[in-house]
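Heads up, the thing below is written out as structure tokens.
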Amino acid sequence: MKVEKAIIKNFMPFYKEVPVDLQTNSDSPLILMGAKNDRGKTAFFTAMRFCLYGFEGGNTLKSEKRRQAINRKAAVEGLDEASVTLEFSHNQNIYEIERVIEFDQVDDPDDRNWKSCHVTVKKPSVSEGKEIVINQAPNEDPAKKYNRFINGILPESASDFFFFDGEELDRYAGSYNDSEADVRTAIETVLGIREIQNAIQDLRDEGKDYYQDEWKDKAEDVEELQDLSEDISSVQSDIEAKKTEKDSAQTELRQKEKRRHQIGDELAEASGVATKQDRVNEIAEEIGDSAQDDSLKGKLDEKRGARRELHSRLGPLMIGIGAKHGVENYDVSIVSGMEDTIEYLLDRDDCLCGADIDEDAEETLENTLEKLRKDEMSTISELQGFASDHLECLTSGDYPENLNVSQAKSEYVSIQEDIEGLAEDINDLEDEKETLEEEIEEATVTAEEAESLQETKETLDEEIGGLKNTIETLDEDLEELEEKKRKLEQTVNSMEAADEEEQRYRTLMKLSDECADAWEKIRDRYVETQRESVEKHASNIFQELTNKNDVYEGLTISKDYKLDVKTISGNRDIEEQNPSKGARQIIAYSFIAGLNKFTAREAPVIIDTPIGRLDPEHKQNLIEYFPNFRDQVVILYQPGELDEEDIKQMGDNISSHLEIHQRENDPESSEVSSIESETDLKRVLAK
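Under UniProt numbering, read the sequence shown as residues 1 to 687, first letter to last.
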């Protein structure tokens, strides 16, 4: 199966007809399709699966999905139908599958609803145009006819290994409790082992039942056989009902476990936020304020107070030394008083004694004042020299014997160092607090949301526990019913044959069982052979993709279908090794690559969000491997997953590079177009 073209019409954000050319050649198997969030990347992925298989789920869920798939604008305009058409080649034939959802016009797009849904399969006519080979419309071909057709190409049970979301692959890498069952189902489905199993089941049930029916017609005690047959049919109906109930419970269990896993990741992030908030509170308490004696700010203020006290002690101490020396050696106050008196007399006409101050007396006073000032300057200079000597004294520690300046100096130096250390600690803590507060602000999960998530997780835990109990009970019921059926069949088989014809049918019933036994042995041998082949190829791919070749030596798939990693110290359970999410994604990619190598299915690989959580080295390794996946690989990526260097690296392997973008002047609708220029490319790649 190789898809040539898709036409999406009024489906999700795609308004009216949106054609998408998906042709590739053997040298260029890649198609890149970029889109920003909410532009239709996942909608395109959904459209591909919808066209082939319709929507999954029970009737209620299917109905809601069909309703939501109708384009809102098309519903208001009354465009009648939403559809997805795939044109593809398979076994040298060209087919066209079209799946349609019909709807009526509404005034409010929220009121839109579907009225019918059907699928048709066409192929080129011998004459002109196309002829319908399957029409699953009401009163036309039954669903069984289409199911046989699509199962011959790519069964829905195998489609998960060709159409997948890169971020959800870790189900094959130990993230879920039923991962071993998933691995077994993957191998059996993709490699065609399920067909062998179905043949065995047909031999045991339908084939045997047919011969049993023929035999019953020949049996002597028809009435008793009829009662036994009805009992067996009733038990078989009960078995089928229990299996259906179990399948539904297992599907619901996987969904809830997946949601619980997602919530666990979100709670882990919220836990980190809470830890950071606790640290912020701890820092705030540690810094405190001046009123808290045991806080850093309180201690800082205490040290500053001690320093002020030393200032008050050292200041008067130095002044006292200088003053003592001045009093002992200079009559400064007398000199200062004489200057004031002469300046006073020079402003007067007569002396204090009453005599006139003539020019001679005034000249004498001025000369005396000048001499006093010269003497005063000399005194000041001497005092400055003295002060300098005392500063040197303080610096050298050579103090007068009766002064304890050395102790005061040491105490001052110690206090100053404490002040500087406390100030630096406070500054560092405030920087740390600011950084943590910014990280808390940027967190995607708040404390309130975390509380709600925790409640949801607890509810899910209870529901998961209930589902597991339900499944366990159903298994017990099935075991009892199978045993009851076996005993009834033994009773039927033990009845005496009426004639030779009856014996012949009895032999054929036995032969059906023996053939089924033989096929089971063939299946087991084939499974083992294919398991080893898948393991070897997946292991080689894993070594190409991993960024830890010094740790990992490959993958192993055990006989009980357990997927383990092979390390330098031996095989280890994935959960025991506990690789990162990105590493789990690489393990799953390797496993799927191994399956694709040996599958008999021919189908494109369509990957949504291929890079996801991968680190740069894993990313580059995967980009190098993409062209080897299949003959046609469609990669749906979002901004940030790929850059210009990645596009250049894929180079000639790219057949076309497309963009899903907003329709011009219509923000609610999307369309698909080719990326033709560097400007287009930069726009698509921009985060």
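In this text, a Cβ means the ideal position worked out from N, Cα and C, and glycines have one as well.
Query	Result
Coil, strand or helix - residue 117 by DSSP	strand
Selected residue, minimal CA-CA separation from residue 567, among 107, 582 and 546	546
Supposed close pair residue 456, residue 607 - CB separation, criterion 8 Å	Their Cβ separation, rounded to whole angstroms, is 30 Å, which puts residue 456 and residue 607 out of contact at 8 Å.
Residue 573 vs residue 564 beta-carbon contact at 7 Å	yes
Bridge-paired residues (DSSP) for residue 642	639
Residue 576 classed as buried or exposed, judged by whether at least 16 other C-beta atoms fall within 10 angstroms	exposed
Secondary structure of residue 492, DSSP reduced to three states	helix
Contact belief for residue 298 with residue 306 at Cβ below 8 Å, rounded distance in angstroms	Not confirmed; about 13 Å, so no contact.
Close-in-space but distant-in-sequence residues of the same chain around residue 632 (CB under 8 Å, 5 per side omitted)	2, 3, 22, 24, 29, 31, 604 and 605
Reference residue 114; option with closest CA among 92, 87 and 62	62
Reduced DSSP secondary structure (H/G/I, E/B, other) of residue 541	helix
Distance between residue 615 and residue 120 (C-alpha atoms, nearest Å)	44 Å
For residue 355, three-class secondary structure by DSSP	coil
Beta bridge counterpart(s) of residue 555 as assigned by DSSP	565
Stretch pair the stretch 152-170 + the stretch 609-628: three plus CB contacts closer than 8 Å	yes
Residue 528 versus residue 599: straight-line alpha-carbon distance, rounded	15 Å
Proximal residues to residue 463 (C-beta, below 7 Å), its chain only, five neighbours per side dropped	256
Short Cβ contact (7 Å threshold) for residue 99 with residue 75	no
Limits of the alpha helix (DSSP H) - the one that residue 49 falls within	41-53
Run of the beta strand (DSSP E) containing residue 14, from where it starts to where it stops	14-21
Coarse secondary structure for residue 669, derived from DSSP in three states	strand
Neighbour-count burial assignment, residue 348, 16 or more Cβ in a 10 Å radius	exposed
Unbroken stretches of the alpha helix (DSSP H), 4 residues or longer, contained in the stretch 239-308	none
Neighbourhood of residue 88 by C-beta, 7 Å cutoff - its chain only, sequence neighbours within 5 removed	1, 2, 3, 4 and 95
Ranges of the alpha helix (DSSP H) found wholly within the stretch 52-88, counting only runs of at least 4	59-69 and 72-77
Residue 151, enclosing beta strand (DSSP E) - first and last residue	Looking at the DSSP string, residue 151 is not in any beta strand (DSSP E); the run it does join, the alpha helix (DSSP H), is 143-151.
Cβ neighbour criterion (16 or more within 10 Å) applied to residue 46	buried
Exposure of residue 344, with buried meaning 16 or more beta-carbon neighbours within 10 Å	exposed
Distance between residue 261 and residue 284 (C-alpha atoms, nearest Å)	35 Å
Euclidean distance between Cα positions of residue 355 and residue 365	14 Å
Identified DSSP bridge partners for residue 97	86 and 121
C-alpha gap between residue 108 and residue 72, whole angstroms	9 Å
The beta strand (DSSP E) enclosing residue 443, as first and last residue numbers	That residue, residue 443, is in no beta strand (DSSP E); it is neither H nor E in DSSP.
Residue 690, buried or exposed, once every other Cβ within 10 Å from all chains shown has been counted against 16	The requested residue 690 is not part of the displayed model; the chain covers only 1 to 687.
Assigned secondary structure, residue 132 (DSSP; H/G/I helix, E/B strand, else coil)	strand
Rounded distance between the beta-carbons of residue 660 and residue 674, thought under 8 Å	That pair is no contact at about 12 Å.
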